[in-house]
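Notes to accompany the following structure.
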Amino acid sequence: MNSSDEVVIITSLGSWHRPVIVGVPFQTLGFMALKHIKDAYQRAGRHAVRGLLLCGLLLVPAATLLANYSTGVFSGKPYEPDDLDLSLPSDSSNQLPELGDASQTVLSLRDEEKIAHQILKQVATSEDVLDDAEVTDYLQALGTRLGESSPDRQQKFYFFVVQDKTINAFAMPGGVIGVHTGLFMAANSESELASVLGHEIGHVTQHHLARMLASQKYDMFKNIAATALALLIARSNPQVGMGAMTAASAAGIQKQLDYTREHEREADRVGLTILQDAGFDVRAMPAFFTTMQRATRFSDGGSMPSYLRTHPLTSERIADIGNRVQNLPYKQANEGLTFFMMRAKIRAFQGAPQQMVEEFQNNINEGRYQNELAEHYGLAYAWLRANQAKNAQLEVDWLVQHGMANPYLVTLKAVTLAKLGQVPQAQAQFVQGLQQYPKHRMLAQGEAESLIRSNQWPQAITFIQKQLDTFPEDPKLYDWLAAAYQGQGKQMLRHQALGESYVRKYDLPRAIDQLEIASKAKDGDFYLQSKVEARLKTLRQQLKLEQGDDKNG
Ligand SMILES: [Zn+2]
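Counting in numbering that gives the first Met the number 0, the sequence shown runs from 0 upward without gaps.
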């Protein structure tokens with residue numbers, strides 16, 4: 000690929016003891032004139048923006064759009080068919096779906112769910128996916144609130160955050176929706192963020208992907224999940240991503256894009272209705288789309304990828320939303336503090352720690368913020384990253400004095416105490432916090448980790464087992480549980496817990512491996528042995544069922 004800066008982001012959002020180093024390569028595409036967007040990137044010490052793409056109708060059957068998307072948007076380079084490996088049978092790229100006959104031959108809900116699980120399996124282990132229970136749960140709660148106002152209330156949605164500074168969001172089959180940190184940064188209000196989520200939810204509930212896939216061969220969409228995740232791979236390793244991209248034809252792409260325009264309009268309309276029904280400021284939608292369209296225009300310096308040139312964030316589309324909004328009653332949305340806090344937290348974990356400290360400080364000194372409390376909250380995390388917990392403590396005190404009272408502050412307090420080496424106080428804070436906010440997952444994760452790190456095995460086991468009633472789907476809690484059993488030398492229980500962790504990462508083969516090890520560990524009683532074997536049987540059946548589906552499909 001062409002010249003690429005390697006930007007290393009050190010993140011330890013999920014567990015502050017173990018920073019994960021994530022290499023994010025990205026290229027300069029152009030200059031974004033809109034000041035607040037530019038500022039967002041400057042804060043991270045880079046002004047590079049690879050591209051901007053609101054819509055993520057990414058997974059089209061012949062992989063053409065995706066190939067285009069990947070060569071274009073991700074690399075900042077115009078689409079060039081010659082770059083692609085044309086290894087698929089040539090007819091597969093010519094079979095274009097007809098929008099009209101769509102709903103007859105769509106993916107079954109079960110197909111969509113299976114694809115969703117395959118994608119979520121990748122999401123669970125991808126280093127590009129933000130591992131932070133607070134940010135993820137916030138986005139999930141926001142998206143769920145929107146989803147409940149969608150035309151299809153049965154549809155499940157899974158939201159996750161991709162660590163990528165480009166402004167993007169994308170929907171995948173089965174209700175899996177990814178949001179880039181860059182989009183989070185560019186949004187000026189919760190309603191703006193919600194307007195993009197609403198649009199993506201619109202793609203899901205209208206089953207656009209399934210409709211586009213309708214006339215394709217099953218072989219083509221069997222690999223959607225793999226193709227989808229080529230996106231994430233392409234991000235951290237462009238060469239590998241390229242290999243996953245296959246057949247493309249220029250005519251096919253153009254035709255695909257025509258369909259996409261229809262889908263875009265429909266997703267906008269559905270999204271707008273969702274936004275209104277869920278009580279958000281509908282004016283945020285045309286406003287944010289205009290912001291993004293402008294940013295697109297400024298990035299067009301001849302290097303604009305063809306996908307962006309033709310991708311439908313058009314004036315026509317924005318005008319359509321604008322007209323609809325004019326007819327809707329004005330509603331003052333409550334632009335919650337949490338949105339600004341989560342945005343500040345994401346920001347605090349970008350760029351060099353000391354630089355981020357200075358940036359937050361400058362913003363506070365010069366009054367350059369939308370929410371003062373959130374700015375101090377972000378500064379505290381920047382101090383923690385810079386290993387200056389005492390300064391973080393001062394920010395915590397400031398927030399308390401200024402009336403902040405929420406689970407995010409309790410978490411920050413506890414994390415700061417842990418960083419100061421005051422482990423018992425930190426643990427007391429986590430536990431008190433959970434009494435007040437029993438559904439705040441990060442408090443549970445924090446306490447579990449703290450107990451493990453201080454070798455308090457029995458306490459950890461009791462605590463985690465209780466928390467699993469509230470958070471039965473959290474793989475991290477199972478991982479900590481496994482660590483506690485390991486500390487006690489209990490092999491059967493350890494591998495049983497690891498197995499359950501893999502189940503929650505949608506990885507059945509690995510889960511089965513762990514339960515097989517558990518069943519042979521010989522250090523459990525009869526009751527545990529039977530339980531492990533019963534579970535093993537269930538999981539094997541489940542796996543067989545899924546594989547059977549593939550064969551029969
Ligand atoms: Zn879209």
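We treat Cβ as the ideally placed atom computed from N, Cα and C, and that holds for glycine.
Status (buried if at least 16 other CB within 10 Å, exposed otherwise) for residue i
i: L108; result: exposed
i: D218; result: Residue placement at D218 cannot be trusted, given a pLDDT of 43 that sits under 50; the coordinates are not used to answer.
i: E315; result: exposed
i: L327; result: exposed
i: A229; result: In this prediction, A229 has a pLDDT of 49, which is less than 50 and means its spatial position is unreliable; what the coordinates show is noted afterwards. Classification of A229: buried, given that the 10 Å Cβ count is 16 or more.
i: N454; result: exposed
i: Q349; result: buried
i: R367; result: exposed
i: R152; result: exposed
i: G300; result: With a pLDDT of 37 at G300, under the threshold of 50, the modelled position of this residue cannot be trusted, and the question is left open.
i: A533; result: exposed
i: S125; result: buried
i: A391; result: buried
i: P423; result: exposed
i: T537; result: exposed
i: E472; result: exposed
i: A459; result: buried
i: L192; result: buried
i: P150; result: exposed
i: V583; result: Lying outside 0 to 552, the shown extent of the chain, residue 583 is not represented and no answer is given.
i: P457; result: exposed
i: Q546; result: exposed
i: S529; result: exposed
i: Q275; result: buried
i: E394; result: buried
Contact check, residue i vs residue j, beta carbons under 8 angstroms
i: A318; j: V356; result: no
i: T410; j: G445; result: yes
i: G278; j: I200; result: no
i: W479; j: A447; result: yes
i: I176; j: A170; result: yes
i: V134; j: V160; result: yes
i: L196; j: L129; result: no
i: Q513; j: H494; result: yes
i: A343; j: E374; result: yes
i: V174; j: Y157; result: According to the sequence provided, residue 174 is Gly. The question's Val does not apply to it. Yes, the Cβ-Cβ distance between G174 and Y157 is below 8 angstroms.
i: I451; j: A482; result: yes
i: Y526; j: E499; result: no
i: P508; j: L535; result: no
i: D136; j: Q162; result: no
i: L492; j: Y484; result: yes
i: I273; j: S190; result: no
i: H640; j: H262; result: A query on residue 640 cannot be resolved here, the shown segment of the chain reaching from 0 to 552 and no further.
i: N187; j: Q369; result: yes
i: L442; j: P406; result: yes
i: L416; j: Q428; result: yes
i: A381; j: P352; result: yes
Sheet register partners of residue i (DSSP bridge)
i: Y157; result: V175
i: V593; result: No answer is possible for residue 593: it lies beyond the span of the chain, which begins at 0 and ends at 552.
Chain C contact for residue i (CB, 8 angstroms cutoff)
i: S148; result: Of the chains in the structure shown, none is chain C; there is only one protein chain.
Exercise. Mind pulling the alpha helix (DSSP H) runs of 4 or more residues that sit fully within the segment 444–507?
Worked result: 456–469, 474–486 and 490–503
For this session: Tell me the start and end of each unbroken alpha helix (DSSP H) in the segment 314–358 that is at least 4 residues and wholly inside, in chain order.
Result: 314–325 and 336–347
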